[in-house]
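Numbering (this note's numbering), first residue to last: 275 to 462.
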Ligand code: SF4
Ligand code: SF4
């Protein structure tokens, strides 16, 4: 087997005791500290930081305005502008969800309802936010544009039960989404 001989770099006395590197590190830290105290930290302006470094002063300051359009937060259910549930309880999102965070109990729409042709709506719709990995596949697969990942990122709770978003909570966070979906089209 061929061997390759590597020549170690020759270090002078200063390099051997790391003094140069230590002072260089101190100088760099001092430069950043002074910049930070003067409110000139790199990136501070973009985060609306107080100037004391780039740390956002949470909770007085929030990420909300700085979220990029593509940010994927909590998955939610949405209604249309007339308060109708878009979800038809097809359970595609429940099937596709990788960590099995979604649990749906479908129910029928009564035959005397003007929208009985829609057939189903969710009786219960739970998303376990401890399991959810914010992948967005439920949004991708939904044929009725009924489930969306909103920008909410403050998902907290003091028990496992509180971390399960039920149908009421999902609609609360989701709100209204305007735009035609097929199930409300009388001609289809
Ligand atoms: S975002 Fe992904 S993990 Fe979360 S509920 Fe939707 S499909 Fe499941
Ligand atoms: S949210 Fe969409 S994919 Fe999930 S059950 Fe309702 S209609 Fe089907």
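For each residue, glycine too, the CB sits at the ideal point set by N, CA and C.
Less than 8 Å between the C-beta atoms of residue i and residue j, yes or no?
i: residue 286; j: residue 347; result: no
i: residue 379; j: residue 359; result: no
i: residue 412; j: residue 371; result: yes
i: residue 424; j: residue 354; result: no
i: residue 416; j: residue 366; result: yes
i: residue 400; j: residue 440; result: yes
i: residue 431; j: residue 352; result: no
i: residue 373; j: residue 405; result: yes
Name the two residues that bound the continuous beta strand (DSSP E) containing residue i.
i: residue 382; result: 376-382
Got a sec, what are the start and stop residues for the alpha helix (DSSP H) residue i sits in?
i: residue 447; result: 441-448
i: residue 304; result: 293-311
i: residue 261; result: Summary: the structure shown does not reach residue 261, with the chain confined to residues 275 through 462, and so no result is reported for it.
Rank the options by C-alpha distance to the C-alpha of residue i and give the top, closest one.
i: residue 443; options: 383, 384, 402, 355; result: 402
i: residue 438; options: 457, 409, 349, 276; result: 349
i: residue 363; options: 388, 386, 393, 339; result: 393
i: residue 282; options: 276, 290, 275; result: 290
List the DSSP bridge partners of residue i.
i: residue 421; result: 351
i: residue 455; result: Partner(s): none; residue 455 has no beta bridge.
Indicate, with yes or no, if ligand 4 has a heavy atom lying under 7 Å from the CB of residue i.
i: residue 375; result: Only ligand 1 and ligand 2 can be found as ligands here, which leaves ligand 4 out of the picture.
- Whole runs of the beta strand (DSSP E) within the stretch 330-415, excluding any shorter than 3 residues: 349-351, 376-382, 394-402, all fully within the stretch 330-415.
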